[in-house]
Structure formats: C-alpha cells, structure tokens
Amino acid sequence: MTVIAPQSGTEVEVGVRPGGGWLKRRTRRKLTASGWTTVTFALAIIMFFPFLWMVLTSFKTEGKAYTTPPAFVFKPSLVEFNGVLNTAGSPFLHSVLATGVSTIFVLCLGLPAAYALSVRAVPQWRNTLFFFLSTKMLPYVAAIVPFYMLAKDLHLLDNVVALIILYTAFQLPLAIWVIRSFLVEIPRELLEAARLDGAGTFVELTRVILPLCLPGIAATALICVIFSWDDFFFAYLLTSTRAMTVPIFLMGFVQSENLYFAQLSAAATLASLPVILAGWIAQKQLVRGLSLGAVK
Amino acid sequence: MSVTAANDEVQVGRKSGFVSHLHRRKNNTGIPEMSSRERWSRRAPLLPALIFTVIVTQVPFVLVIWYSLHGWNTLQPGSNTWVGLKEYRLLFSDPLFGHAVINTIIIAGCGAIVSMVLGVMFAVMLNRRFRGRGLARTLLITPFLVVPAASALLYKTSIFDSTYGLLNWVLGPFGVHHVNWIGSHSVVAVVMVLVWEWTPFMMLIVLGGLQGESVEVLEAASVDGANAVQSFFRITLPHITKYIELALLLGSIYIIQTWAEVFILTQGGGGASGTATTNLPYYIYQLAFNQFNVSEAAAAGVIVVIGTEVIATFVLKLLGSLFADTEVLG
C-alpha cells in the first residue's frame, strides 16, 4: 500500500486515457475479459488434451488406434476395456492394499505426532518438524540397495508388505506437516474450555480435535493416496508378479515387440481414474495438502 | 536455533531458583517449562512416528555407507570384502558420474523452471472471475493427477511416436515431419513430460497465494491508471514471490528424483554421448541393477546423500522462513 502511494500521483496524470474513442470503456473491458476467458480455455484444453486423447484412444479398437492422420471421429468400443479388466484384477488389488493400508498407517502415526508437535508440543517441536521434512528430501534411490537387500533377507521381496512399509515412511512427513497445520488453527480457548468442563485427553482428542481436523485428515489421505498410488520406482524394483501394482502392470503393454495403443490407453485410463476423480472432487484439500498446509 | 536457546534457559533454570523464576513464564519456544514426567507424556504420542521414521529412513543410509566400503558385485561371488575407499575412486574416475550430475541439474532445473513459468501464467489467468472458472481449473490440474507411469507411456506411444504421434501431426503444417522425438530430442522429451505433470502443482500453490492477495490494492492500482502488466510486476509478483519459492522448493524435492519418466521414455539415452538423460537416480539404478555393482551404487548413493544434505540444510532454512510467513509454524 505505502509503496504504491507515492507513485500514484504521477501515474494518474500519465495513466488516464482520453475518454470516448470508438468503443465505450465498459464495452472494451468486457471484450478484453471474454478474450482472456477464451485464451484461458484454449490453453486449458491444450494442457488437458493428452489426457483426453488417452481416454479417446481407449475407446478405439486396436486397428483404429494407429491411423495417420489421427482419428477423432470413430465408433466407440469397449473391447479393450474388457481385455484389460480380465487381467487387471490382481494389480489393482495390490495397489489398493499398498495404498490403502499405508494411508491408514500414516494417519495413525501422523495424527498423534502432529498433536505432540502442536497442541501439547514437545520442547523441540521445531527441530523435530524439520527432521521429518528432511527425510522427504533424502534421495531414496540412494537407499534402494539396502532396501532391496533388507527386503530380500526378510523375505519381503515381491511382497505388498514391503511397499506398505516404504509408502508409510515416505508419506508420513507430509501427513505430519499437513495435519499440524490444521491443529495449530484450533483456538486455544476451545481446548481450555473443554479442559475446564472436565474433558480428559481422550475426550479432548475424540470430541474436540478430531472433528475439527477432519478436513486435514481428508487432505492428508488424498495426497498419501496420490503419491503411493503413483509410485513406480519401489514397485518396479521390489515387486515382480506376486505383488505387482498398477503402474507396473501398465508396462506390460509396451514391453513386447508389438505396441498396443488402445489397450495401453484403456489400462492407463483405468489406472488413473481413482486418483483423478479424488483430485477433481477434493481440489481444495489437494492444494492444502500439496503445499504442506501453507495454502489455506 | 530458538530451540537451543530455550534449552539453555532450562539449564540455567535448574541451577538457580531465582533465574528459573524469571524464565518460567516464557521461553523462546512459547512453551512453559515442564517436569520430566510432563515432557515424556508430551513425547509419547510422537515416539511411534519418530522411531518408525528413523528405522525406515535413517538405518538404510547407515547400511549404504557400509556397502560402499566393500567391493561387492552380486555377479562375482566372494567379492563382498572390505576395500576401503576404492569404490569412491572408481566412481569419481567414471566420467558418466559427472555427466549424471549435470544431466540431473539440466533436467530437473528446466522441468522446475518451465513448469513454474507456465504455472504462474495459468494461475494469473485463473485468478479472474469468469464463467466456467471451476471447469478450467479442473482441466488444468488433471495432468498432475494422471499416474506418472501412464503419462510417460502415453507420451511415448501416442504423442512422441514418429509415425502415429500427435506432436508431429500438430507440427506438420509447420514443416515438421517424422521427427523421432525420443531418439533425437531425448532431453526435450523428458522435460516436456515433466513440465506437463508439474505445471498444475506450481499453478495450484501460486493460485492459492494469489487468492490471498487483497483485491482493494489491485483496484486502487487500476484506478490510479496502472495497466495490467504494471500491476502484475509491481503488486502481484512481489506478493506471490514466497509462494513461488515455496512451490519451487517443494516441487523440486520430487522433480529431482525423477526416475520413472527416464526409465520409460529414454532408458537414460539420448544426445551425442548416448547418455543425455541419465540423471543421478537412473545412474545409480543402472549401477545396482544392470551392472550388479552394489558397492559402487552405494558409494554414489553416499555422495548424493551428502550433496543433498548440503542443499537440504539451505532449503530447509528457506522453507522455515517461508512457512513462518504463512503461519503454519504458529
């Protein structure tokens, strides 16, 4: 405010345009606005187009998928979806298990930890908080050798349990930060009032804190699900057939000599669908989660 | 910093009742002093998460150091013996290691910066009131939500393909024909996919910052005759700088670890050297899983961790000040 004020005097002189012109100012502004809206939508559609193309291709038959120029009008078919669904069962089950169980673990570990770093904070809360975040910066590729060796020794290679442990550890820092950002927003007076009414820690947790940080739990669960569901690195290196997850399953469509555009697109569409729907519905939680709680 | 200061006060407080009385009300953490029983009851809910994190994320790194001091190649039985720093010497004499460092900087740097520029652009466009704004935002965030492996496969088969790819078809009228994007423009191809995936991430955080901007200030500027460009650079940009930094830092944590896109699109190839897209994650993967050279991979891991620690100390400090501004660190 104060920075602009001194300049504003001069800018009034310079900035005022002669009124009138061939278009009234209001009309001109309206035109500019609809121009911007058009440009915004044009760019949004360009960004969206590769995904749309994937979905379109998934409704083609294999023959229609390889055409030059690309076919935009065709008779939709569910043949490829049928083919994919016949084999996608167990990869989906593994992905759901690894993602779901690790997300539950993350919440069970993260919620109390966030509480101990905010509401009834330990003295070193700031350092602890940054310790958790620093683990997120560790290049996990550096640890892939010991992870692999440990998994082998513990008979956890090609086992969903290994993925659950790793996903829990790698999403936990995000969860603690996001949940904590909701906990620090709870007014102190509310907690003190609950205390005065004789609420013990348990009642305080379940009746006061939990309901107030439900959106936080939703935001946390959403980003945990996204990042765990998306993982390719650990799933590729630590599993093969018995614990194969969805992203690895997708690779099966390109490794053979022949490419299966339509089948791959159908599988990729199915693989992305859960995350896309969740993200579309919970956009507000998505921003909050991705920014570790900084963007409200 | 403030934590150590507070601990000092606790120490002093124990020695003398008078000083303790002075400091009892408030120390730098904003938490009153407490008995050790109180401290442990506060720590209890934290411990499961802390112990789990230490075991899963720190112990393997200790093991990495151990492996790196051995000459272990899983193809050579009996090679698992102590060799001291030999693997580190081998690593530093491998020119590919240096290339991998540079490739990582190029790929992650270009990916992060281009997606940030586009992200700011989209965020500014979405920060107006217009019909269909929610739809436009939904369209724009979708690339982030597509499973990365699916994105990479989609680009490889349907976009970059030299015969059937959409990109050559779109660029056809401009005289571009049968370009093998993945083969002859590998770095561009990988960066393009990264930009497509990460632009929405940057956009969402910057948009969140923009929406906290006061409309009055902008309106005042517009009344004062500032045009859109002036008010963007003088008012909006300074306001969202910290959100841009925040998004860049948080995004880089992920972008720098890019592995799936390289693995699926180029297998580390490209360029005159044939290794233009071999970034550090892919380099370490190749050492460990293609050459079975566990110890050299571990040595590379140790070096990468040390490098990351140096950068992370700086990044965490910056993040600390950024989060202090946004009041997450109450």
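Taken in order, these protein sequences are the chains called A and B.
Numbering-wise (the working numbering), the first sequence opens with residue 17 and increments by one.
Numbering-wise (the working numbering), the second sequence opens with residue -15 and increments by one.
Where a beta carbon is used, it is the ideal one built from N, C-alpha and C, also for glycine.
For clarity, every value in this text was computed on a predicted model and none was experimentally measured.
For residue i, is the classification buried or exposed, using 16 other Cβ atoms within 10 angstroms of its Cβ as the cut-off for buried?
i         : result
Gln60(B)  : exposed
Trp180(B) : buried
Pro263(A) : buried
Pro189(A) : buried
Val131(B) : buried
Ser118(A) : buried
Asn211(B) : exposed
Thr310(B) : buried
Ile160(A) : buried
Phe217(B) : exposed
His161(B) : exposed
Pro162(A) : buried
Trp243(B) : buried
Pro29(B)  : buried
His54(B)  : buried
For residue i, I'd like the list of residues in its chain whose CB is within less than 8 Å of its CB, leaving aside the five on either flank, ordered along the chain.
i         : result
Val89(A)  : none
Leu293(A) : none
Lys140(B) : Ile166, Ile248 and Leu249
Ser142(B) : Tyr148, Gly149 and Leu150
Val157(A) : Phe249
Just tell me which of the options has its CA closest to the CA of residue i.
i         : options                                       : result
Thr184(A) : Gly255(B), Arg27(B), Arg26(B) and Ile39(B)    : Ile39(B)
Leu127(A) : Phe147(A), Leu199(A) and Val95(A)             : Leu199(A)
Ala251(A) : Leu113(A), Arg42(A), Lys40(A) and Phe64(A)    : Leu113(A)
Ile240(B) : Gln251(B), Ala173(B), Cys94(B) and His162(B)  : Cys94(B)
Ser236(B) : Val294(B), Gly118(B) and Phe185(B)            : Phe185(B)
Cys240(A) : Ala210(A), Leu133(A), Ala310(A) and Thr115(A) : Thr115(A)
Thr220(B) : His54(B), Leu31(B) and Ala107(B)              : Ala107(B)
Val289(B) : Ala58(A), Lys152(A), Tyr131(A) and Glu201(A)  : Lys152(A)
Ala321(A) : Gly304(B), Asn274(B) and Ser257(B)            : For residue 321(A) there is no data in the structure shown, the boundaries of chain A being 17 and 312.
Leu124(B) : Arg112(B), Met187(B) and Thr88(B)             : Met187(B)
Val114(B) : Trp52(A), Phe64(A) and Ala132(A)              : The amino acid at residue 114(B) is misidentified as Val; the sequence shows Phe. Ranking the options by Cα distance to Phe114(B), first place goes to Trp52(A).
Val190(B) : Val177(B), Pro265(B), Glu203(B) and Asn111(B) : Asn111(B)
CB-CB under 7 Å to residue i, same chain, minus the five flanking residues each way: which ones, in chain order?
i         : result
Thr73(A)  : Ala81, Phe277, Ala278 and Ser281
Leu123(A) : Ala191, Ile233, Thr236 and Ala237
Leu271(B) : Asn277, Glu280, Ala281 and Ala284
Phe307(B) : Leu313
Phe45(B)  : Val289
Ala129(A) : Ile192
Ser111(A) : Trp245, Thr261 and Val262
Tell me which same chain residues have a C-beta within less than 6 Å of the C-beta of residue i, skipping the five on either side of it?
i         : result
Val291(A) : Ile242 and Trp245
Phe265(A) : Pro107
Ser99(B)  : Val179, Trp182, Thr183 and Met186
Do we get a CB-CB distance below 9 Å when we pair residue i with the residues of chain A?
i         : result
Lys140(B) : yes
Leu232(B) : no
Leu313(B) : yes
Gly285(B) : yes
Arg121(B) : yes
Ser135(B) : yes
Ile224(B) : no
Ile189(B) : yes
Phe307(B) : yes
Phe81(B)  : no
Any beta carbon of chain B sitting closer than 9 Å to that of residue i?
i         : result
Met165(A) : yes
Ile239(A) : no
Ser256(A) : no
Lys152(A) : yes
Val176(A) : no
Lys312(A) : yes
Pro128(A) : yes
Gln301(A) : no
Leu228(A) : no
Ile180(A) : no
Ile233(A) : no
Ser244(A) : no
Arg223(A) : no
Ala159(A) : yes
Ala215(A) : no
Pro155(A) : yes
Phe57(A)  : yes
Residue i CB to nearest chain D CB: under 9 Å?
i         : result
Met267(A) : In the structure shown, chain D does not exist; the protein chains are A and B.
**Asked** Along the segment 91 to 122 of chain A, what residues have a CB closer than 7 Å to any CB found in chain B?
**Response** Those residues of the segment 91 to 122 of chain A that come within reach of chain B (Cβ to Cβ, closer than 7 Å) do not exist; the list is empty.
**Request:** With 9 Å as the limit, tell me which residues of the segment 90 to 112 of chain B have their beta carbon closer than that to any beta carbon of chain A; keep them in chain order.
**Result:** Against chain A - using a Cβ distance shorter than 9 Å - the residues of the segment 90 to 112 of chain B are Leu102, Met105, Phe106, Met109, Leu110 and Arg112.
**Request:** Determine which residues of the segment 152 to 173 of chain B have a Cβ less than 8 Å from any Cβ of chain A, and write them out in chain order.
**Result:** Per Cβ criterion, the list reads Trp153.
**Near-chain A residues of the segment 238 to 256 of chain B - C-beta to any C-beta below 7 Å** = Against chain A - using a Cβ distance shorter than 7 Å - the residues of the segment 238 to 256 of chain B are Gln241, Trp243 and Ala244.
**Message:** Any C-beta of chain B within less than 7 Å: which residues of the segment 60 to 77 of chain A qualify?
**Reply:** Listed in sequence order: Ala60, Ile61, Met63, Phe64, Pro66, Phe67, Trp69, Met70 and Thr73.
**Request:** With 9 Å as the C-beta to C-beta threshold (strictly closer), list the residues of the segment 128 to 147 of chain A near chain B in chain order.
**Result:** So the list reads Pro128, Ala129, Ala130, Tyr131, Ala132, Leu133, Ser134, Arg136, Ala137, Val138, Pro139, Gln140, Trp141, Arg142, Asn143, Thr144, Leu145, Phe146 and Phe147, given in the order they occur along the chain.
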